[in-house]
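K.L.:
These protein sequence lines map, in sequence, to chains Z and U.
So for the first sequence, this note's numbering puts the first residue at 1; every next one is plus one.
So for the second sequence, this note's numbering puts the first residue at 274; every next one is plus one.
Every residue gets a Cβ at the ideal spot worked out from N, C-alpha and C, and that includes glycine.
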Amino acid sequence: MSTDSVPGTEEHLAATWPGAPPALMLRGLVKRFDRTVAVAGLDLDVPTGSFFGLVGPNGAGKTTTLSMATGLMRPDAGTAFVVGLDVWRDPVAAKRLLGVLPDGMALFDRLTGAQLLEYIGRLHQLDQELARQRAAELLDVLALADAADTLVVDYSAGMTKKIGLACALIHGPRILILDEPFESVDPVSATTIRSILRSFASGGGTVVVSSHVMALVEQLCDHVAIIAGGRVLASGTLVDVRGMGSLEERFVGLVGGHRDLGEGLAWLRPSPG
Amino acid sequence: MVAPLPGLTPPAASTPPRPGTVALLRLFVGLKLRLLGNGLKGSNARLIAGLVGVAAGGGITITGAYLVAQLRQASADDAALILTAGGSVVVAGWFLLPLLVFGIDESIDPQRFALLPLPRRTLLAGMLTAGFVGIPAVAMLVVAGATTITWSRGPLPVLYAAVGALLATTFCVVASRAVTTVLAGVFRSRRLRDLVSMIGMLLIGSVMLLQFGLPSVAQLATRDVIERVTTVLAWTPLGAAWAAPHDALRGAAATGLLRLLILAAAVVVLALIWDRALRYSLESGGTAAGSGPRAGPRTAPAGHTLAPRWARWMLPATVTGAVAARILHLWWRDPRQRVSLLIVPVILVGVVAGPSLVGYRDEVLVLAGPGVGTLIGLMMLNHTAYDGTALWTHLAVSLPGYVDRAGRALGTATWAVPVVVGAAAGTCLLIGRPDLIPAAVGASVATVLTGLALAAVTSVVIAFPAPPASANPFITPSGGNVVVVLQQFIGGLAVGLLSLPVYLTLGFALWWRPEVGWGLLLAGPAYGLLLLRVGCRIGGRYLDDNAPELLRRITPART
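And the structure:
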């Protein structure tokens with residue numbers, strides 16, 4: 001793995017082989033917590049080279065699905081394949097291809113930014129010098145160079161997201177799986193992250209992002225899946241899924257639950273006129 | 274005539290009438306009662322804990338009030354002495370109480386009212402009133418009120434006792450609220466939070482050590498000394514309320530009045546401090562913990578490369594070496610572990626240097642080195658949980674369990690082995706028995722490695738959520754139950770059992786044949802390394818098979 005180049009300059013290895021396995025293939029994933037079923041038999045194909053958006057309301061099972069797809073949570077049934085490799089049978093080979101940014105999980109935050117990146121790089125069996133070199137490069141691109149020697153625990157929320165993204169990138173993965181990568185990120189950093197992801201995707205990499213910001217998904221992704229109640233309600237190219245209207249309209253139509261206000265909350269209207 | 278723009282006129286007609294102050298106070302009291310009630314709901318464990326708390330509170334109240342009332346039989350001097358000394362301790366306790374239970378009593382957190390249109394005075398009054406609702410305040414009021422029985426030897430003493438009891442209880446409630454509010458401000462900065470939690474943990478540690486010294490302190494406390502101390506306390510807010518009735522009884526009513534005035538002034542001053550702290554806390558916008566004032570780029574960089582320079586020769590440029598380097602950093606940067614680290618020199622000074630300075634130089638002191646080694650192992654029993662959810666990074670690369678285990682052991686051994694070797698050799702020189710050095714050094718290294726070996730297994734097999742790095746040291750979140758305590762006890766027992774051969778051989782060398790020590794110098798570390806290898810293998814295999822489950826197990830439950 002240490003021979004791979006930095007993301008962006010990667011060659012179009014896995015662009016479009018006929019009959020090649022999809023970048024990410026989820027089959028029959030099930031997860032129960034006590035009595036609630038978080039994910040109920042979920043199937044999903046993420047084509048290689050796609051920029052894939054995963055949307056769904058709160059509690060739809062997005063995070064649980066991504067945790068099971070990346071080997072952080074053992075599914076009760078079903079499994080996930082990364083380019084044909086079973087994440088739960090052949091974890092080392094499968095996870096080598098993945099770059100992961102989970103939501104709501106801590107980092108080793110008592111290390112400095114530079115140390116954290118070197119650490120993650122070396123966990124991926126990069127050579128020590130190479131890890132340091134890539135760490136410096138990533139810190140620079142993400143405008144974190146000033147904070148390289150600050151403990152990650154003292155980072156702001158947006159900086160923590162950025163260093164998390166850098167951790168996902170440092171070993172040069174083929175597939176990025178990012179859970180809510182734009183949450184609490186300021187617009188400038190968001191633009192940086194977007195351009196990094198775009199160049200990663202245009203270099204032949206596959207990106208999976210989850211989000212509940214429809215506009216962002218519409219702007220960024222070429223494929224989407226709408227998830228609710230632990231199942232996939234719709235999946236395919238952005239154009240196919242949203243049809244004639246906007247993604248938001250399609251989403252609300254599929255998921256339901258929208259209530260027309262009617263005459264409710266009348267007192268909230270500032271003036272009778 | 275400008276037509277009213279729609280949207281600019283405030284919704285005047287629909288504003289509900291403002292409740293009066295009394296109604297608001299009633300609302301606060303109701304809220305506090307509701308919170309106390311809801312605190313019992315949810316789980317049986319909480320209900321039982323709550324009921325035990327109520328029973329204990331009730332028991333303490335009745336016993337305390339009974340004892341205080343019984344002092345009516347005692348002579349006036351004795352009663353004043355006991356009440357002033359005991360009362361001062363209780364009042365001082367109220368300052369410490371919020372420190373001890375910080376994070377538990379956030380029930381009436383001022384931050385939650387910041388957005389409501391409440392004047393600060395009203396908020397203050399409401400929080401004060403709510404502060405009186407609760408077992409500690411009621412218990413305090415009842416026991417303090419019982420002093421009226423003690424002093425029912427004339428109308429003026431009873432009056433002084435009643436006023437004193439009210440003032441003292443108010444003082445206590447205001448004190449605990451003020452300390453909480455001030456602390457809430459302090460705790461917003463990560464560095465200060467780290468510091469406070471470290472000081473707390475060190476306090477606990479030193480109190481435990483102090484227990485051995487208590488008998489000698491008790492000998493010092495003669496009646497004469499106590500009398501002198503209480504004379505001073507009686508002029509402070511701590512003891513004023515308890516001494517005043519006695520003054521009234523012996524005809525010095527003016528002195529007593531002065532004491533009560535001191536207490537009343539102290540209440541006012543504390544209330545002002547509280548008010549200022551509250552204003553500061555409300556106006557600083559309630560930033561979430563962790564995003565407090567940042568130090569920015571620090572003058573002394575915390576390190577650019579992973580492995581610290583001094584330890585580089587110990588830590589290979591492998592994945593194991595990377596894990597070890599991170600663990601080594603944690604021993605200093607994580608307040609929980611820094612405390613464990615700092616306790617080691619405290620113990621060494623207390624157990625070895627102290628006694629030998631006063632002339633106690635026995636072979637038994639040699640046990641200190643291996644003892645510290647075992648202690649370091651015990652500190653590591655739940656070590657994996659200190660990573661918290663960050664452990665996911667190891668899962669995301671499928672880090673082999675053996676590498677994870679070995680890296681953690683290596684990282685700790687990097688500082689622990691030199692420290693115990695130095696301590697062991699130093700002890701032998703201090704007591705003038707250099708011939709014991711091989712035995713002491715061999716045994717110390719062996720106990721460190723044995724402890725690490727067992728920790729490699731226990732910290733995954735019987736892991737439980739650790740308190741967050743900057744949390745109140747007095748709270749063990751979700752999982753501080755009987756099973757956990759039992760498991761940790763068994764883990765400690767196993768460390769002891771596995772180290773037993775080492776200690777036996779050491780004893781053999783100490784008191785019979787010092788030359789056995791050379792054997793221990795070789796065999797001890799070999800035994801430890803063998804155990805460590807086995808431990809890493811067992812722990813590693815368990816981690817390989819159960820990593821996702823372990824990650825869930827050590828994730829602190831959200832409250």
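Can you tell me where the alpha helix (DSSP H) with methionine 214 (chain Z) in it begins and where it stops?
P.N.:
214-220
K.L.:
Using DSSP with H/G/I as helix, E/B as strand and the rest coil, what is isoleucine 704 (chain U)?
P.N.:
coil
K.L.:
Which whole runs of the beta strand (DSSP E) in the region 54-112 of chain Z are 3 residues long or more, in chain order?
P.N.:
77-82 and 98-101
K.L.:
Answer with yes or no whether the minimum CB distance from aspartate 109 (chain Z) to chain U is below 8 Å.
P.N.:
Between aspartate 109 (chain Z) and chain U, the shortest Cβ-Cβ separation is below 8 Å.
K.L.:
Which runs of the beta strand (DSSP E) spanning at least 3 residues fall entirely within the region 389-442 of chain U, listed in chain order?
P.N.:
none
K.L.:
Counting Cβ pairs closer than 8 Å, one from the region 632-647 of chain U and one from the region 78-96 of chain Z, do we hit at least three?
P.N.:
no
K.L.:
Contact between the region 100-117 of chain Z and the region 600-607 of chain U: three or more CB pairs below 8 Å?
P.N.:
yes
K.L.:
Tell me whether the beta-carbon of alanine 507 (chain U) lies closer than 8 Å to the beta-carbon of alanine 521 (chain U).
P.N.:
Alanine 521 (chain U) sits away from alanine 507 (chain U), with the two beta carbons spaced by 8 Å or more.
K.L.:
Could you tell me which whole alpha helix (DSSP H) segments of length 4 or greater appear in the region 174-205 of chain Z?
P.N.:
187-202
K.L.:
Just the chain Z side, please: which residues come within less than 8 Å of proline 821 (chain U) by C-beta, in chain order?
P.N.:
Gly71, Leu72, Met73 and Arg74
K.L.:
From the DSSP output, in three-state form, read off isoleucine 120 (chain Z) for me.
P.N.:
helix
K.L.:
Name the two residues that bound the continuous beta strand (DSSP E) containing phenylalanine 33 (chain Z).
P.N.:
24-33
K.L.:
So, with DSSP's three-state summary, where would you put isoleucine 226 (chain Z)?
P.N.:
strand
K.L.:
Indicate whether at least one CB of chain Z lies closer than 8 Å to the CB of valine 612 (chain U).
P.N.:
no
K.L.:
Can you give the Cα-Cα distance for tryptophan 88 (chain Z) and threonine 192 (chain Z), rounded to whole angstroms?
P.N.:
33 Å
K.L.:
Apart from the five residues on each side of it in sequence, which residues of its chain come closer than 6 Å, Cβ to Cβ, to proline 518 (chain U)?
P.N.:
Trp424, Pro430, Tyr433 and Ala434
K.L.:
Given a cut-off of 8 Å, decide if phenylalanine 301 (chain U) and alanine 403 (chain U) are closer than it, judged by their beta-carbon atoms.
P.N.:
The Cβ atoms of alanine 403 (chain U) and phenylalanine 301 (chain U) sit closer than 8 Å to each other.
K.L.:
Identify, in the order they occur along the chain, each residue of the same chain with its Cβ nearer than 7 Å to the Cβ of valine 30 (chain Z), setting aside the five sequence neighbours on each side.
P.N.:
Taken in chain order, the residues that qualify are Val39, Ala40, Gly41, Pro75, Asp76, Ala77 and Gly78.
K.L.:
DSSP state of valine 670 (chain U), grouped into three classes?
P.N.:
In this structure, valine 670 (chain U) counts as coil in the three-state DSSP scheme.
K.L.:
From what residue to what residue does the beta strand (DSSP E) around leucine 233 (chain Z) run?
P.N.:
Unbroken beta strand (DSSP E) run through leucine 233 (chain Z): 231-237.
K.L.:
What residues of chain Z sit near alanine 595 (chain U), judged by a beta carbon separation below 7 Å?
P.N.:
Within 7 Å Cβ-Cβ: Tyr119, Arg122 and Leu123.
K.L.:
Buried or exposed: which applies to glutamate 180 (chain Z), given that a residue is buried once 16 or more other Cβ atoms fall within 10 Å of its Cβ?
P.N.:
Using a 10 angstroms sphere on the CB of glutamate 180 (chain Z), the tally of other CB atoms reaches 16 or more, which defines it as buried.
K.L.:
Please check if any C-beta of chain Z sits within less than 8 Å of the C-beta of valine 670 (chain U).
P.N.:
yes
K.L.:
Answer yes or no: does any C-beta atom of chain Z fall closer than 8 Å to that of glycine 661 (chain U)?
P.N.:
Glycine 661 (chain U) counts as touching chain Z.
K.L.:
Can you name the residues of chain U whose CB is closer than 8 Å to the CB of valine 46 (chain Z)?
P.N.:
Simply none; closest approach about 18 Å.
K.L.:
Does alanine 575 (chain U) come out as helix, strand or coil in the three-state DSSP assignment?
P.N.:
Low confidence applies to alanine 575 (chain U): its pLDDT is 49, below 50, so where it sits in the model is not reliable, and the reading given next is rough at best. For alanine 575 (chain U), the secondary structure class from DSSP, reduced to helix, strand or coil, is coil.
K.L.:
Would you be able to state if there are at least three C-beta pairs under 8 Å between the region 770-777 of chain U and the region 706-713 of chain U?
P.N.:
With the cut-off at 8 Å, the region 706-713 of chain U and the region 770-777 of chain U do not touch.
K.L.:
May I ask you to report which of helix, strand or coil DSSP gives phenylalanine 51 (chain Z)?
P.N.:
strand
K.L.:
Can the beta-carbon of phenylalanine 368 (chain U) be found less than 8 Å from the beta-carbon of alanine 448 (chain U)?
P.N.:
yes
K.L.:
Is the Cβ-Cβ distance between isoleucine 226 (chain Z) and leucine 254 (chain Z) less than 8 Å?
P.N.:
yes
K.L.:
Rounded to whole angstroms, what's the CA-CA distance from alanine 595 (chain U) to proline 673 (chain U)? Just pull it up for me.
P.N.:
Rounded to the nearest whole angstrom, the C-alpha separation of alanine 595 (chain U) and proline 673 (chain U) is 13 Å.
K.L.:
So which residues of chain U does valine 274 (chain Z) contact, with C-beta pairs closer than 9 Å?
P.N.:
The structure shown does not extend to residue 274 (chain Z), since chain Z is modelled only from 1 through 273, so no value can be given for it.
K.L.:
Is it true that the CB of proline 738 (chain U) sits closer than 8 Å to the CB of leucine 72 (chain Z)?
P.N.:
no
K.L.:
Taking contact to mean at least 3 C-beta pairs separated by less than 8 Å, is the region 322-339 of chain U in contact with the region 406-416 of chain U?
P.N.:
With a cut-off of 8 Å on Cβ pairs, the region 322-339 of chain U is in contact with the region 406-416 of chain U, counting three or more such pairs.
K.L.:
For the region 171-200 of chain Z, enumerate the residues whose C-beta is nearer than 7 Å to any C-beta of chain U, in chain order.
P.N.:
none
K.L.:
Evaluate the contact criterion for the region 757-766 of chain U versus the region 686-693 of chain U: three or more CB pairs, one atom per stretch, below 8 Å.
P.N.:
no
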